[in-house]
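Heads up: the sequence shown begins at 3 in the working numbering, then just goes up one per residue.
Worksheet: the structure to be examined is printed underneath.
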Amino acid sequence: MGVFELLKADHEKVSGIMEKIDQTTERGLKTREELFAQMKSELDLHAQVEEQFFYPALEEAEETREITLEAYEEHNLVKQLLRELEAEPKDDEQWTAKFTVLKENIEHHVEEEEGELFKKARKVLGKERSEEIGNRIQEAKRQSKAASARS
Ligand SMILES: [Fe+2]
Ligand SMILES: [Fe+2]
């Protein structure tokens, strides 16, 4: 699988979990906590592999530099919100509000990524390099999931 298909599959997975969280209420604490933990671990790993294998190649190229620097900053915002959401009580209206802001941020980021960024990245990377990066990401994710299954 190429890097674009791989990252898109992750986006879809996270979007599915977010929809489920959206349907939980302050009273459904346990479900909310489980879904949030699941979403956070998917997002942490996704951001990590993008930052390790995908973004650096795009940062180098003139055509994708600016949008990639923005993408890093969007990751930082999302990570900050995730930290707050993890620490704060999940049976609270404020948590629900913060989660909505997280979801909007992620949706915006994914839209830019799958739109402008992927479009330019296809040109900059070419087929061979896209596949090579895809393979590295797949391997890194496999190792990380194996390691967390052991612990
Ligand atoms: Fe992404
Ligand atoms: Fe991203």
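Note that CB positions come from ideal geometry on N, CA and C, so glycine has one too.
Does any heavy atom of ligand 1 sit closer than 6 Å to the C-beta of residue i?
i	result
residue 115	yes
residue 45	no
residue 9	yes
Under 6 Å: does the beta carbon of residue i sit that close to some heavy atom of ligand 2?
i	result
residue 52	yes
Closest by CA to residue i, which one among the options?
i	options	result
residue 101	145, 87, 110 and 69	87
residue 57	72, 45, 44 and 43	72
residue 35	93, 74, 54 and 60	93
residue 89	62, 119 and 42	42
residue 40	23, 54 and 6	23
residue 7	116, 149, 64 and 147	116
residue 109	53, 45 and 124	45
residue 20	77, 3 and 106	106
residue 2	76, 135, 16 and 50	Because residue 2 is not part of the residues shown, which for the chain are 3 to 153, the question remains open.
Evaluate residue i with the Cβ neighbour count: other Cβ atoms within 10 Å of its Cβ, from every protein chain shown; 16 or more gives buried, anything less gives exposed.
i	result
residue 48	buried
residue 27	exposed
residue 9	buried
residue 31	exposed
residue 103	exposed
residue 62	exposed
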